[in-house]
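Note that full-length UniProt numbering has the sequence shown beginning at 1, numbered continuously upward.
Positions of the beta carbon are idealized from the N, C-alpha and C atoms, including for glycine.
Keep in mind it's a predicted model, so treat the numbers as computed, not measured.
Working notes, structure below.
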Amino acid sequence: MAVFDPSGLTPDSLVSLGLWTLGSAVVSSLIFCIYNLWLHPLSKFPGPKIAAIAPFWAMRHWLSGDNLWRIKELHQRYGPVVRISPNQLSFCSSASWKDIHGHKPGSAHHKTFLKGSFYEPFPEDLHQIVSESDPGRHAAMRKSLSHGFSASALGSQEDRVQYFVNLLITQIGRRYTRAPGDMSKWYNYATFDVIGELAFGESHYWIDILFASIKNMNFMRSFEYSPFLRSILRAALDMKLLPARVYALRAKMNNYASEKLTQRLTSPPTRVDFLQRMISERKEWTGLEFEKLRSQAILLTVAGSETTATALSGITYYLCRNPRVYSKLTTEIRTAFTDYDQITGRATEVNLPYLKAVIDEGLRLYPPIAAGLPRISPGETVDGWYVPKGTIVSVNPWVAGHIEMNFHDPFDFIPERWLDPECKDDRAASQPFLLGSRVCLGRHLALLELRLILAKILWSFDMELQDDDLDWDQANKNYVFWEKPALPILFKRARDITQ
Numbered sequence: 001m002a003v004f005d006p007s008g009l010t011p012d013s014l015v016s017l018g019l020w021t022l023g024s025a026v027v028s029s030l031i032f033c034i035y036n037l038w039l040h041p042l043s044k045f046p047g048p049k050i051a052a053i054a055p056f057w058a059m060r061h062w063l064s065g066d067n068l069w070r071i072k073e074l075h076q077r078y079g080p081v082v083r084i085s086p087n088q089l090s091f092c093s094s095a096s097w098k099d100i101h102g103h104k105p106g107s108a109h110h111k112t113f114l115k116g117s118f119y120e121p122f123p124e125d126l127h128q129i130v131s132e133s134d135p136g137r138h139a140a141m142r143k144s145l146s147h148g149f150s151a152s153a154l155g156s157q158e159d160r161v162q163y164f165v166n167l168l169i170t171q172i173g174r175r176y177t178r179a180p181g182d183m184s185k186w187y188n189y190a191t192f193d194v195i196g197e198l199a200f201g202e203s204h205y206w207i208d209i210l211f212a213s214i215k216n217m218n219f220m221r222s223f224e225y226s227p228f229l230r231s232i233l234r235a236a237l238d239m240k241l242l243p244a245r246v247y248a249l250r251a252k253m254n255n256y257a258s259e260k261l262t263q264r265l266t267s268p269p270t271r272v273d274f275l276q277r278m279i280s281e282r283k284e285w286t287g288l289e290f291e292k293l294r295s296q297a298i299l300l301t302v303a304g305s306e307t308t309a310t311a312l313s314g315i316t317y318y319l320c321r322n323p324r325v326y327s328k329l330t331t332e333i334r335t336a337f338t339d340y341d342q343i344t345g346r347a348t349e350v351n352l353p354y355l356k357a358v359i360d361e362g363l364r365l366y367p368p369i370a371a372g373l374p375r376i377s378p379g380e381t382v383d384g385w386y387v388p389k390g391t392i393v394s395v396n397p398w399v400a401g402h403i404e405m406n407f408h409d410p411f412d413f414i415p416e417r418w419l420d421p422e423c424k425d426d427r428a429a430s431q432p433f434l435l436g437s438r439v440c441l442g443r444h445l446a447l448l449e450l451r452l453i454l455a456k457i458l459w460s461f462d463m464e465l466q467d468d469d470l471d472w473d474q475a476n477k478n479y480v481f482w483e484k485p486a487l488p489i490l491f492k493r494a495r496d497i498t499q
């Protein structure tokens, strides 16, 4: 058998080998670029050539936290569909929301767009309701959890929500009538307390763990733009080659959740909570089944708290920056209620139409999940465009809410657009809770929290933003969740209340 003998290599042959290797790489890259630009199935779709050639344009802006603004610029230039990486399309119309998300799995009229690897959990974690891509298994999970989010369950949960809302009002009155408080943090405290109580039976300290892990999550998700890089990342995760802090954060969260979940399982239930239906389905929760339950609890806690706190922060900022809207809303709230205890979930839903419009407008301008949620095309039409099978598609909620084709004066805070029947805006382009079979399970709880917190704060206090230079749109970065700036608010008592 012939054996390679390096001693036979001369300087000239080494140079020739190097040039041949370099030339092969250049030719391969050129062929790759030509294919992606002119021969790829997505070559007919508009977009910047640099994004069509390789995934690095999309990865760069995803990692920098400015992907929303850059994709919005592309839609402004190219229209309702843009190619943002070699195999990915971004849409921004109301029709695309319905085509991608609005049809039931198994529909005879429209093929189902399934979730892909973007949602895959850590190798040691199990699928939960958000990451599960199989429609049948997802439906089973949703059925088990839906009881805890039903109208009757929400009614029994309101007393606990009210408890933590009242606690927030008390803390504001004690702390921030003489010096400003950072409401970005305090809204997180309140919503984490609510969701922790309803998932584990008590409030918890996950806030620091969550924000430490967000950028880790964002870094890993950026690899989804490249199948090759994704395979490297998954291998690194499997072999535990990433920095130790990544695994330490996951272990800390899992251990804490296990401890609290064990307490929940061994305590007799005193009320309906998110997990009660699942827990009642079996007598023992051990091993794999316990891990499944833990995955659901962690997901519900993180998603259900951070998103509501984000919406509250954005709405508070926009109210403080828009005196006309602020005055109109406070007048509505203070006219509707003569006593603090009259402010209930049902009363705020029935008696405060302008508050509902303010919330709708705040969710349009500052959707808590602002980046597109990818789906895999089965070979189907989206907004009139046939999208080849295997293509990654998404609708970007922030872009859809900020583009002129959908909303007039899209950066202005105009709640009246949600009340005026003559308004020409395409209001269906704003879908902060998604739609279809994957519509947010906790949307009614989130809206209850938003109504109660805003109504009780504005009934009790006047608010004033203490940072005249704060530009909310420019100060935020988006890493799956928003990285919010400080929101310094000074409160002045509007009336004496007894807590």
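Query: Between serine 96 and aspartate 383, is the Cβ-Cβ spacing less than 7 Å?; Result: yes
Query: Sort Gln431, Glu361 and Trp459 by Cα distance to leucine 419 and report the nearest one.; Result: Glu361
Query: Looking only at C-alpha atoms, which of Ala429, Ile31, Gln128 and Thr330 sits nearest to isoleucine 298?; Result: Gln128
Query: Spatial neighbours of proline 485 within its chain, please: CB distance less than 6 Å, with the 5 preceding and 5 following residues excluded, ordered by chain position.; Result: Ala475
Query: Isoleucine 31 to alanine 58, Cα distance in whole Å?; Result: 21 Å
Query: Assess contact between the stretch 360-378 and the stretch 332-342, defined as three or more Cβ pairs (one per stretch) separated by less than 8 Å. Is contact present?; Result: no
Query: For tryptophan 38, count the other beta carbons within 10 Å of its own beta carbon; 16 or more makes it buried, fewer makes it exposed. Which is it?; Result: exposed
Query: Just verifying my parser: in three-state terms, what is the DSSP assignment at threonine 498?; Result: Confidence at threonine 498 is low in this model, with a pLDDT of 46, below 50, so the placement of that residue should be treated as unreliable; the coordinate-derived value is given next. Looking at threonine 498 - three-state DSSP - the assignment turns out to be coil, as it is neither helix nor strand.
Query: Quick check: proline 488 and aspartate 467, are their CB atoms within less than 7 Å of each other?; Result: yes
Query: Contact between the stretch 392-407 and the stretch 139-148 is defined here as three or more beta-carbon pairs at a separation below 8 Å; is this criterion met?; Result: no
Query: Could you tell me which uninterrupted alpha helix (DSSP H) segments, each at least 4 residues in length, are contained entirely in the stretch 296-346, listed from first to last along the chain?; Result: 323-336
Query: Within this structure, are the beta carbons of glycine 436 and glycine 102 separated by less than 7 Å?; Result: yes
Query: Specify the secondary structure class of valine 161 as computed by DSSP and reduced to three states.; Result: helix
Query: Taking a contact to mean a Cβ-Cβ separation below 7 Å, would you say threonine 308 touches threonine 191 in this structure?; Result: yes
Query: Compute the beta-carbon to beta-carbon distance between phenylalanine 433 and arginine 443, rounded to the nearest angstrom, for a pair I have assumed lies under 8 Å.; Result: 4 Å
Query: For valine 387, which of Trp69, Cys33, Val82 and His75 has the nearest alpha-carbon?; Result: Val82
Query: Can you tell me which residues form a DSSP beta bridge with aspartate 462?; Result: Lys492
Query: Nearest chain D C-beta to cysteine 320 closer than 7 Å, yes or no?; Result: As a matter of chain content, chain D is missing from the structure shown, which is built from one protein chain.
Query: How would you call tyrosine 163, buried or exposed, if buried means at least 16 neighbouring beta carbons within 10 angstroms?; Result: exposed
Query: How big is the Cα-Cα spacing for leucine 310 and serine 156?; Result: Note that residue 310 corresponds to threonine in the displayed sequence, not to leucine. Taking the straight line joining both Cα atoms gives about 25 Å.
Query: By the DSSP assignment, the beta strand (DSSP E) with lysine 477 in it spans what residues?; Result: 477-479
Query: Among residues of its own chain, excluding the 5 on either side of leucine 293, which ones have a beta-carbon nearer than 8 Å to its beta-carbon?; Result: Leu261, Leu275, Met278, Ile279 and Trp285
Query: State buried or exposed for glutamine 296, treating a residue as buried only when at least 16 other CB atoms are found within 10 Å of its CB.; Result: buried
Query: Considering only the beta carbon of each residue, do leucine 352 and glutamate 332 sit closer than 7 Å?; Result: yes
Query: Are the beta-carbon atoms belonging to cysteine 92 and proline 105 less than 7 Å from one another?; Result: no
Query: Where does tyrosine 187 sit, in a helix, a strand or coil, going by DSSP?; Result: helix
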